[in-house]
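Written out below as C-alpha cells is the structure these notes cover.
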Amino acid sequence: MSAIAFDIPDEIHALCDGLGDFLKAEVMSRHEKHHKLLSNGRYTYDEDGRYTEEVIEIIREVRMAASKAGYYNMCVPEELGGSGLGMLAYYVAWEHTFRTCGPHNWLAVYAISHWAFGPSRLLERVTDEARSEILDGMISGQTSMCFGLSEPGAGSDAAALTTKAVPDGNGWKITGRKIWTTNSPIADYCIIFAQTDPERAAARKGGISAFLVPTNAPGFEVESIIAMHGAVGGNEAQLVFDEIRVEPYQLVGELHDGFKNAVFGVSMGRIYNSARALGLARWSLELALDYAGTRQAFGKPISEYQGVTFPLAESAMELHGAHLMGLNAAKLLDRGDLAIKELSMAKAYAVEVGAKAIDRAIQTHGAMGFTNEVGLAEAYNTVRVVNVADGTGEILRRTIAHRLLKGDTDL
Ligand SMILES: Cc1cc2nc3c(=O)[nH]c(=O)nc-3n(C[C@H](O)[C@H](O)[C@H](O)COP(=O)(O)OP(=O)(O)OC[C@H]3O[C@@H](n4cnc5c(N)ncnc54)[C@H](O)[C@@H]3O)c2cc1C
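Oh and the sequence shown: position 289 is 290 in our numbering, straight run, nothing missing.
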C-alpha cells in the first residue's frame with residue numbers, strides 16, 4: 002500500500018525497482034568488498050585530503066556501470082544521449098537511492114548523474130563543438146565535471162563574484178578563485194562563472210558569463226581540499242585560476258547572461274537535495290522504529306513509551322509533508338514552470354524536517370546513535386550541511402517572501 006496518491010508513472014516505479022537491484026549489485030557490493038578503503042578516512046584520502054587513485058577509479062567504475070545499466074543518464078535529455086525522464090523521475094529515484102543506501106554506501110551518489118558532476122540539462126547550453134568534445138565521456142561516466150560559482154567573497158550573494166574573464170583576441174583569459182567547489186578535485190571539467198562586463202555586473206544587470214573549462218587547462222589549480230566536519234579529507238576544494246585561456250566555443254549559454262545557468266543548475270540541486278534529505282531521513286526513521294521495537298528498558302521495549310514513539314510520529318508527519326512538497330515541485334518543473342517558490346519551500350522544508358527526524362532517530366538509539374557503525378550522526382551531518390548548500394534556509398525564505406510580496410500567494 003502506498004501513502005502517496007500522487008500520480009507517479011509506472012515506468013518510474015519500475016525504474017526504482019531495477020535501480021534497487023543495481024545499487025545492491027554495484028554500490029553496496031563495492032562497499033562490502035572495499036570496506037576499509039571506503040569507510041576509513043585514513044585509507045580513503047591521500048595526505049592532502051584528496052581521494053586516493055584507487056577510490057577515484059572505483060567512483061569511475063560505479064559511474065560507468067550505472068551508465069551501462071541505463072540509470073546514470075535516465076534524466077538527461079534525449080538529445081544529449083539520455084533517456085529524458087525529467088525531474089519527477091530524478092526526485093523519486095534519488096529519494097529511493099538515499100533511503101536504500103543510507104549514509105554508509107556513499108558511492109550511491111554516482112549511480113545517477115548528479116546535475117553538477119555529470120550530464121544534465123545544463124549541457125543543453127554548451128556549444129555543438131563543446132558537446133562533441135565532452136559528451137561521449139560524460140555520458141559513459143568516464144569523465145565528470147564540477148560547478149564553480151561560489152567564491153570566498155560571494156556565497157549567498159553569488160552575483161557578487163569577482164572572478165574575471167578578460168577579452169583576449171577572440172576569446173578570454175579567466176583569473177580569480179572559487180571555493181566549496183564539490184567534485185573539483187577529481188573532475189575533468191569545470192563550469193566557471195566569471196564577470197565578462199564588470200560594469201553590468203556591478204549594476205547587477207548581467208555581465209556574468211559561464212565557461213566550460215578542462216581542469217587540466219594551463220592556469221587551473223586545485224589549491225586545497227576542504228575537509229568538512231568529521232572527515233579527514235573531502236571532495237570540496239578551493240580553486241585558483243591564473244589567466245586560463247578560453248575560446249568562444251567554451252561559452253555556456255549567452256555571453257554576459259550566464260548567471261541564468263547558475264539559477265537553472267541550482268534549481269536541479271534543490272530537487273536533488275530535497276530528495277537526499279527525505280531519503281536519508283526515512284532511512285533513519287525506519288532504523289529508529291526497528292530499534293525501538295527491540296531495545297528494552299525498565300522491562301519493556303522502549304516502543305511502549307510514548308516519550309519514544311511520539312517524536313517518531315512527529316517525524317512521520319513532517320516527512321510525509323516534505324515528500325508531497327518534493328513530488329509537487331518536481332512535477333511543476335516537468336510542466337515547464339520555474340516553481341521558484343515551491344522549490345524553495347520544498348528544499349528548505351525537507352532539509353529542516355529531515356535533520357530533525359535524524360536527530361530524533363539518534364535520540365531513540367541512545368549512545369548507539371552516535372556510533373560510526375550505525376551511521377546516524379553521519380546522516381545528520383550530510384543533511385544538516387544541505388541547509389547551507391544550494392541556498393541557505395534564510396535565502397530560501399527570502400525568495401519565498403519575495404514571491405509572496407509580488408502576489409504569488411497560491412499555496
Ligand atoms: C557541502 C557544500 C558543497 C558546496 N558545493 C558547491 C559547489 O559545488 N559549487 C559552488 O559554487 N558552491 C558550492 N557550495 C557553496 C554554497 O553554495 C554556499 O555555501 C552558499 O551559497 C552559502 O554561501 P556562504 O557559505 O558563503 O554563506 P554566506 O552567504 O556568507 O551566509 C552566511 C549566513 O548569512 C545568511 N545570510 C546571507 N545573506 C542573507 C540575507 N540576505 N538574509 C538573511 N540571511 C542571510 C546565510 O543564510 C548564512 O546563514 C557548497 C557548500 C557546501 C556547504
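Think of the CB as a built atom: it goes at the ideal place given N, C-alpha and C, for glycine as much as any other residue. Only a predicted model underlies this, so the values are computations on that prediction, with no experimental measurement involved.
Contact test: residue i Cβ vs ligand 1 heavy atom, cutoff 7 Å
i                 : result
phenylalanine 148 : yes
isoleucine 13     : no
aspartate 189     : no
alanine 356       : no
glycine 117       : According to the sequence shown, residue 117 is alanine rather than glycine. For ligand 1, at least one heavy atom lies less than 7 Å from the Cβ of alanine 117.
glycine 259       : no
tryptophan 181    : yes
threonine 393     : yes
valine 110        : no
glutamate 224     : no
methionine 346    : no
isoleucine 396    : yes
glutamate 237     : yes
glycine 294       : no
glycine 337       : no
arginine 158      : Note that residue 158 is aspartate in the sequence shown, not arginine. Yes, the beta carbon of aspartate 158 sits closer than 7 Å to at least one heavy atom of ligand 1.
methionine 229    : yes
Beta-carbon proximity of residue i to residue j, cut-off 8 Å
i              : j                 : result
alanine 349    : leucine 405       : no
isoleucine 113 : tyrosine 72       : yes
isoleucine 13  : valine 93         : yes
alanine 188    : phenylalanine 212 : no
leucine 377    : serine 285        : yes
tryptophan 107 : methionine 269    : no
isoleucine 180 : glutamate 200     : no
tyrosine 250   : threonine 216     : no
glycine 85     : leucine 281       : no
Any non-hydrogen atom of ligand 3 closer than 7 Å to residue i Cβ
i              : result
methionine 326 : No copy of ligand 3 occurs in the structure displayed; its ligands are ligand 1 alone.
Only counting runs of 3 or more residues, tell me where the beta strand (DSSP E) segments fall wholly within the stretch 232-285, in order along the chain.
237-247
Where in the stretch 57-128 do unbroken runs of the alpha helix (DSSP H), each at least 4 residues long, occur, reported from the N-terminal end onward?
87-102
Unbroken stretches of the beta strand (DSSP E), 3 residues or longer, contained in the stretch 179-212
190-196
Minimum length 3: unbroken beta strand (DSSP E) runs contained in the stretch 127-170:
146-149 and 165-169
Can you check the stretch 306-381 for any alpha helix (DSSP H) of at least 4 residues that lies completely inside it and give the ranges in chain order?
307-335 and 341-365
Looking at C-beta atoms only, is the number of pairs between the stretch 360-376 and the stretch 289-306 that lie closer than 8 Å three or more?
yes
Pairs of beta-carbons, one from the stretch 215-222 and one from the stretch 158-173, closer than 8 Å: are there three or more?
no
Three-pair Cβ contact test at 8 Å for the stretch 318-325 versus the stretch 300-308:
no
State whether the stretch 166-186 contacts the stretch 229-240, with contact taken as three or more CB pairs (one from each stretch) at a distance under 8 Å.
yes
Pair every Cβ in the stretch 73-82 with every Cβ in the stretch 136-155, then say whether three or more of these pairs are closer than 8 Å.
yes
Kindly confirm or deny that the stretch 276-284 and the stretch 377-388 touch, where touching means at least three C-beta pairs closer than 8 Å.
yes
Taking one C-beta from the stretch 15-28 and one from the stretch 87-104 each time, how about it: are there three or more such pairs within less than 8 Å?
yes
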